[in-house]
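Asker: Sequential numbering from 1 applies to the sequence shown in UniProt numbering.
All residues carry an ideal CB built from backbone N, CA and C; glycine is no exception.
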Amino acid sequence: MKRFTVCCFSSRIHESRNRNLDKKLRESMEISRTDNAEPDKQNDDNVASIIGSVHTNIIVNHDFSSGMHSWHPNCCEAFVVTAESGVSHGVLDPSKCGSYVVVSNRKETWQGLEQDITSRVKPCCLYKVSATAAVSGPVQGLVEIMATLKLENGQSPTNYQFIAKTCVFKEKWVRLEGMFSLPSLPERVIFYLEGPSLGIDLLIQSATIRCESETEMEREERVTTEEENIVVNPNFEDGLNNWTGRGCKVVLHDSMADGKIVPESGKGFASATERTQYWHGIQQEITGKIQRKRVYEATAVVRIYGNNVTSATVQATLWVQNPNQRDQYIGIANVQATDKEWIHIKGKFLLNGSASRVVIYIEGPPPGTDILLNSLIVKHAEKIPPSPVPPIENPAFGVNILTNSHLSDETTNGWFSLGNCTLSVANGSPRILPPMGRESLGPHEPLSGRYILVTNRTQTWMGPAQLITDKLKLFLTYQISVWVKVGSGFNSPQNVNVALGIDSQWVNGGQVEVNDNKWHEIGGSFRIEKQPSKALVYVQGPSSGIDLMVAGLQIFPVDRLARIKHLRRQCDKIRKRDVILKFSGVDSTKLSGAAVRVRQIRNSFPVGTCISRSNIDNEDFVDFFLKNFNWAVFANELKWYWTEPEKGKLNYQDADDMLNLCSSNNIETRGHCIFWEVQATVQQWLQNMNQTDLNTAVQNRLTDLLNRYKGKFKHYDVNNEMLHGSFYQDKLGKDIRVNMFKTAHQLDPSATLFVNDYHIEDGCDPRSCPDKYIEQILDLQEKGAPVGGIGIQGHIDSPVGPIVCSALDRLGILGLPIWFTELDVSSINEHIRGDDLEVMMWEAFGHPAVEGIMLWGFWELFMSRDNSHLVNAEGDINEAGKRLLAVKKDWLSHANGHIDQNGAFPFRGYHGNYAVEVITSSSQKVLKTFVVEKGDSCQAITVDLQGL
């Protein structure tokens, strides 16, 4: 599974976000909101100027300067304390902090102070609530204060909408802030403050409610300036106004380090110092300034300083609190910053749903290291124009671009040694093309039987090489085909790799693990999308001192259209069925010659996608999802680190919400995943457990999850990526994997249990080649594990059909259903991305062992990889997305004709749901539906036309 490197996470979904970090962030927000210092009388006005003084406060008598006018105690008593009254509550002296109201004689926690705001609120507007409050009386430790709305509608039950809450010590003023929005306006809207336990007095100094956003109509009427920066005081020209520390201290500078550090621009910069956690940093609240479903771009200029750290990751992050108090963290972008120079962070983000609060902050370096921020700009992102079709002239499909591959003159002309190894020519290699190359090239001249012998190797990277800079064409997909063998003298398996050096970048052209003295095939692929100044291919890999043999290395562009043409014929054989419609219920003379129009409504082959909880708050996302997919898998929300980030604190609400959406729309779901074997994805509290406690936790996880969702998920990935990780096996022994499968099957026998891993199909990872996967599956089955399906993730680059098909053929011998469980492809050009997706969809659909495809997302900013989306963030379908829709359209069968003299109509079509329309000679019409099931024999379907 590809990790979500900054991503819901990545301005996208983060696959491996540390949920313990989330807790710290929530705590940090509480600290930043809480001010235990006594506020002066102008405190509220200062806050108002920060959040936007242009917005009118809808609370009447917000500071009680007019006594209790417009305020009412709710089943309790209240009075105003002023400097003249001679009354105070401990240290809360009104002569110092100003007037405030005391709410006393409270018998219930919900009793407090209220004001009717019905006539002053509008539907669909976002309002910010800010109140300064304290408590007095028999207080022990922290107590809660809450802001709430009471919504009344005639005879209907009264509803209550939570706004915000905070914790307070005795006789210490705190700031309580929150947001609310009303989709429609009830008959009465009452705002009130409540919360402390009975007998405790609630003290309120002020309360304000200001509109932070327009209605949709007002927004449409307003002409916006797209270049406007929504960050206030972005260059610190107004000091630290609007900026605060996130769990740490913020200091303004014009220079540091004896003048060695000066601003890149402007007169000053800020430092987040005295940091004790990675998430500590500098922040600004931008609540009410961000519109949902709109893409924003953030750019920050940063560097680090101190603690002997010279390089560290610095990240821009968005904290979002939704109206239901659900917290979300969106990683916008990160960069490797240094203490030597300023560096720019740039990234995009989008909010799917409404937000009560939004804070942008800079975090990341180790504790003790200062973050320096010179500027932060957040603007609406410019739309990127669609990619043009890349011009590829004379692609020369199937023509080898290498010189002297066959060593025809028995020399190594055209080749050179990478490193101080020795190249020579020897005889005795295979004369036939490797199978994957042969599948692509078809009938071809035999190989020469000569090979390059590489000796005197003192480093693993040493081997034969050839420059190919001038032979490569941009956006063409190239296949690599070669035989390799290693010499004697090794005691462990040897990896051999065809690699490409594209300027300073290493590109994997295919690998194989060798553990014998036989010839082995390497099949791989690559594509370049930017013109390199230097490109070379070389073969490397065995340990130093081990000889390497290379025979028949070829690199050639592949003809994808020809491959798809072949796959269409294959799909006609395995995905279609002969059907004869037999019409009844009406006189045959009336039917003879009647027109028939058959249209397929839905192909039964599963095509699904990954979704996240935040996605389903975006109605545009949901619309595309429901129209184009019939299966779903959850990106993170069912994983253990999400459902139980801290021991005993379970969170199934997100998964429940997503499952409800799917089940209510007849979308089948895969359960991903029960466990994840890679240690980096395992919660720290689990990693710290002893063997006994960890085994108990594993059993509890199985019981909790499988009982809760029994019968609801069709599939489960039981222990994700067992070829690439071994945390549970190392801790609990080899039998734990088998026990996980057995227990899961006992708890939910209806679910098909899958193995799931990556790089199975692309030939670039010896750890997860098909043979290793087969070995693992057979071992599990022999020990009694009820493995019911094979998951191939499918995070693939520049796919080539025969390489993918070879992996499917090998796995197909096990007789288990194969699913592509996390398919995504990536290219900077949307047309090439569409080509890659089309290749993979047809390869899957055209293979009899494959029973479903799951995409790993489709919406920009919510993908695990850059340049892999099919729909742009603001809802426009790009060229790759259009290709998806075109392929799905190709998978629908249609037929037109006339009913024959026997009252029948034969046709051949894909499996799935159909509608048939019959039109008689007298123009009478009838519409019926039917289903074409899987099967080899002709399916006879009776269509009753009675009443025609």
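(1) Tell me, which residues are paired with arginine 597 by DSSP?
(2) Between Leu407, Arg246, Ala785, Gly648, which has its C-alpha nearest histidine 280's C-alpha?
(3) Just the C-alpha distance for isoleucine 377 and threonine 287, rounded to the nearest angstrom, thanks.
(4) Of all the options Asp797, Asn242, Asn324, which has the alpha carbon lying nearest to the alpha carbon of residue 1002?
(5) Taking all protein chains shown into account, decide if valine 60 is buried (16 or more other Cβ within 10 angstroms of its Cβ) or exposed.
(6) Got a sec, what are the start and stop residues for the alpha helix (DSSP H) asparagine 739 sits in?
(7) Would you call the CB atoms of isoleucine 282 and leucine 373 closer than 8 Å?
(8) Taking Cβ positions, are isoleucine 555 and glycine 510 nearer each other than 8 Å?
(9) Whole angstroms is fine: what's the gap from valine 309's alpha carbon to lysine 348's?
(10) Check threonine 148 in the structure and name its three-state DSSP category.
(11) With burial defined as no fewer than 16 other Cβ atoms inside 10 Å of the residue's Cβ, what is the status of isoleucine 51: buried or exposed?
(12) Is the CB-CB distance between leucine 548 and arginine 457 below 8 Å?
(13) Could you tell me which residues DSSP puts in a beta bridge with threonine 821?
(14) Rounded to the nearest angstrom, what separates threonine 422 and glycine 524 at their Cα positions?
(15) Starting from tryptophan 842, trace the alpha helix (DSSP H) both ways and give me its first and last residue.
(16) If I measure Cβ to Cβ from leucine 650 and keep anything under 8 Å in the same chain, skipping five residues before and after, which residues do I get?
(17) Would you kindly check if the distance between the Cβ of glutamate 637 and the Cβ of tryptophan 685 is under 8 Å?
(18) Straight-line CA distance for leucine 176 to tyrosine 100?
(19) Would you mind reading off the limits of the alpha helix (DSSP H) that contains proline 777?
(20) With a Cβ-Cβ cutoff of 8 Å, do alanine 594 and isoleucine 899 count as a contact?
(21) Decide if glutamine 540 is buried, meaning its Cβ has at least 16 other Cβ atoms within 10 Å, or exposed.
(22) May I have the straight-line CA-CA distance separating tyrosine 758 from leucine 185, to the nearest angstrom?
(23) Taking the alpha-carbon positions, what's the lysine 24 to arginine 326 distance?
(24) Using the Cα positions of leucine 945 and glutamine 924, report the straight-line distance between them to the nearest angstrom.
(25) Under 6 Å Cβ to Cβ from asparagine 339, same chain only, skipping five residues before and after it: list those, please.
(26) Can you tell me which of the three DSSP states leucine 474 falls into?
(27) Only counting runs of 3 or more residues, tell me where the beta strand (DSSP E) segments fall wholly within the segment 481 to 508, in order along the chain.
(28) What is the DSSP secondary structure of serine 53, counted as helix, strand or coil?
(29) What residues are listed by DSSP as bridge partners for valine 755?
(30) What do you reckon, are the CB atoms on asparagine 74 and leucine 113 nearer than 8 Å?
(31) Could you pull the start and end residues of the beta strand (DSSP E) that arginine 188 belongs to?
(32) Can you tell me which residues form a DSSP beta bridge with aspartate 201?
(33) Considering only residues of the same chain and omitting the five flanking positions on each side of aspartate 836, which have a CB-CB separation below 6 Å?
(34) Would you mind sorting glutamate 621 into buried or exposed? The rule is 16 or more other CB atoms within 10 Å of its CB.
(35) So what's glutamate 221 in DSSP terms, helix, strand or just coil?
(36) Kindly indicate the opening and closing residues of the beta strand (DSSP E) around glycine 812.
Answerer: Here's the rundown:
(1) Asn896, Glu917
(2) Arg246
(3) 15 Å
(4) Residue 1002 is absent from the structure shown; the chain starts at 1 and stops at 948.
(5) exposed
(6) 735 to 747
(7) yes
(8) no
(9) 28 Å
(10) strand
(11) No answer about isoleucine 51 holds up, because its pLDDT of 30 lies below 50 and its placement is not dependable.
(12) yes
(13) In the DSSP output, where bridge partners are listed per residue, threonine 821 has none listed.
(14) 26 Å
(15) 830 to 845
(16) Thr643, Glu644, Asp704
(17) no
(18) 15 Å
(19) Looking at the sequence itself, residue 777 is isoleucine, so the reference to proline does not match. Its alpha helix (DSSP H) spans residues 770 to 782.
(20) yes
(21) buried
(22) 51 Å
(23) Per-residue confidence for lysine 24 stands at a pLDDT of 33, beneath the threshold of 50, marking its modelled position as unreliable; the derived number appears in the next sentence. Rounded to the nearest angstrom, the two C-alpha atoms are 15 Å apart.
(24) 11 Å
(25) Here residue 339 is aspartate; the residue named in the question, asparagine, does not match the sequence. Result list for aspartate 339: Ile304, Tyr305, Thr310, in chain order.
(26) coil
(27) 494 to 502
(28) Model confidence at serine 53 stands at a pLDDT of 35, short of 50, so the residue's coordinates are unreliable; what they give is reported in the following sentence. Correct three-state label for serine 53: coil.
(29) Ile790
(30) yes
(31) 188 to 194
(32) Ser136
(33) Pro799, Val825
(34) The amino acid at residue 621 is misidentified as glutamate; the sequence shows phenylalanine. Label assigned to phenylalanine 621: buried.
(35) The pLDDT assigned to glutamate 221 is 45, lower than 50, so where the model puts this residue is not dependable, and the model offers no usable value.
(36) Unbroken run through glycine 812 is the alpha helix (DSSP H), 801 to 812; no beta strand (DSSP E).
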